[in-house]
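Take a look at the structure below.
Numbering (our numbering), first residue to last: -17 to 489.
Right, here's the structure in full:
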């Protein structure tokens, strides 16, 4: 059973999360303070940590720092739960290594969905993509499971829409392939529910159906599906179509993309009649249209203008549509622009060749443009969501950088102030040391003066009188007296020499 550590000083939040996680089948441990949390972390390992920022005995981000620094816990997922308006806390948490930041007041379904993804493992980039496959036909379900597995995908299968939603809320999925006609929640309703979930909003969704009614396709595309295919297609075609959808997920926004302005579409076809009919319909839908009659013209247009989507005829004189698509996807400036191939016939080999060349979709030409415009809207909608998501991340990164600069400037100012205080203290110590040194110098001078006066002056007198005696200026000396006088002179001169040496060394 997965273990979850809940750290929040609000009893209401702790009890709500406790009930929420227990209902999901996990084992939560609630803590109200950092001290309780540290004790729990020392006692056992956890699969997820849900952490508030403002706690009564400290900062939750400091606990996050400790978790990330410990070899034992650095890989544990951490979800920071705090005020939505606390941008600085959000940036600090993300900078310190939080895996998720959820603002209060939180949505319970969103919290449980985020927690489920981390508890059931986050897919690494090198892992196989996971496809949610929903179909009520056991035979078709197994056929498509085998096709996706053979192509290197992981498959999470469900037989009903309700089961599909449960799988999507508890597992990390990269794409969804959904049957249109399902018992209970049908495919259209299922896709709407997926699109309403913020965590699944960008997951590519493909709608499958046994019928070929265009009304079904339009309904699916309007609900948020990114692609619509009939089940009569070869499984290999369906796999290739899904691979094309997944390729578009990682594309970066094109230069000059405007999320709110009118979208510009490049339509390329060597048939003047079809091209003008297509252009008229697209303009009627509110799009700006740039028309090209050949692959060479299309490449020239792309070199001069920014477009949001390309409609490309497959068979054209000179550069074919597939070759134009291949060149476009090989160019870093244009590889993210959605490309929809226009084919005269529903040919399997042509579809596979186009999708393998990098095309995002294909449509069979016809006089009814409803399906085509529906797919155009679906691709532009997906592109808008992806670009908006990237812009949000870029803003967060900029805010993060600004916060780092502000923090660095504040830390520099604090460091400078601390250095100034330290310098003042050192200067005060130097002044005191100088005063002590001067006082000691005075003591030394006094000592030397004392030695000079108290020892050398009497000693000179002793030596002087002894020399007078030795010279017998006061009368002759016997041998014994002469010896005594000599001893006095030798001792006096030796002591005087020592005193002079001490005075010389002290200078």
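Positions of the beta carbon are idealized from the N, C-alpha and C atoms, including for glycine. As the structure is a computational prediction, the values presented were derived from the model and not from experiment.
Asked                                                                                                                                                       : Found
Measure the alpha-carbon distance for residue 209 versus residue 149 and round it to whole angstroms.                                                       : 21 Å
On the three-state DSSP scale, how would you describe residue 390?                                                                                          : helix
Please state if the CB of residue 250 and the CB of residue 202 are separated by a distance shorter than 8 Å.                                               : no
Rounded to the nearest angstrom, how far is the Cβ of residue 181 from that of residue 160, given a contact under 8 Å?                                      : Incorrect: roughly 17 Å between the Cβ atoms, too far for contact.
Buried or exposed for residue 7, please, with buried defined as at least 16 other CB atoms from any protein chain shown within 10 angstroms of its CB.      : exposed
In three-state DSSP terms, what is residue -8?                                                                                                              : coil
Under 7 Å Cβ to Cβ from residue 261, same chain only, skipping five residues before and after it: list those, please.                                       : 249, 271 and 273
Considering only residues of the same chain and omitting the five flanking positions on each side of residue 240, which have a CB-CB separation below 7 Å?  : Only weak support exists for where residue 240 lies, its pLDDT of 41 falling under 50; the value from the coordinates is given anyway. Nothing meets the Cβ criterion.
Distance check for residue 162 and residue 195, CA to CA, integer angstroms please.                                                                         : 12 Å
Taking the alpha-carbon positions, what's the residue 247 to residue 285 distance?                                                                          : 14 Å
When the Cα of residue 167 is compared with those of 156, 179 and 142, which residue comes out closest?                                                     : 142
Would you tell me roughly how many angstroms separate the C-alpha atoms of residue -15 and residue 32, rounded to the nearest one?                          : 11 Å
Grab me the residues of residue 475's own chain with a C-beta within less than 7 Å of its C-beta, minus the 5 sequence neighbours each way, in chain order. : 445
Can you tell me which of 4, -17, 19 and 1 puts its alpha carbon nearest to the alpha carbon of residue -10?                                                 : 19
Residue 223 and residue 355 look like a contact to me (Cβ under 8 Å); what is the Cβ gap, rounded to whole Å?                                               : Going by Cβ atoms, the distance from residue 223 to residue 355 rounds to 19 Å, so no, they are not a contact pair.
Identify whether residue 57 lies in helix, strand or coil by the three-state DSSP scheme.                                                                   : coil
Does the separation of the CB atoms of residue 304 and residue 292 fall below 8 Å?                                                                          : no
Can you have a look at residue 186 and say buried or exposed, based on whether 16 or more other CB atoms are within 10 angstroms of its CB?                 : buried
When the Cα atoms are used, what is the spatial distance from residue 258 to residue 265?                                                                   : 10 Å
Closest by CA to residue -6, which one among 14, -13 and 4?                                                                                                 : 14
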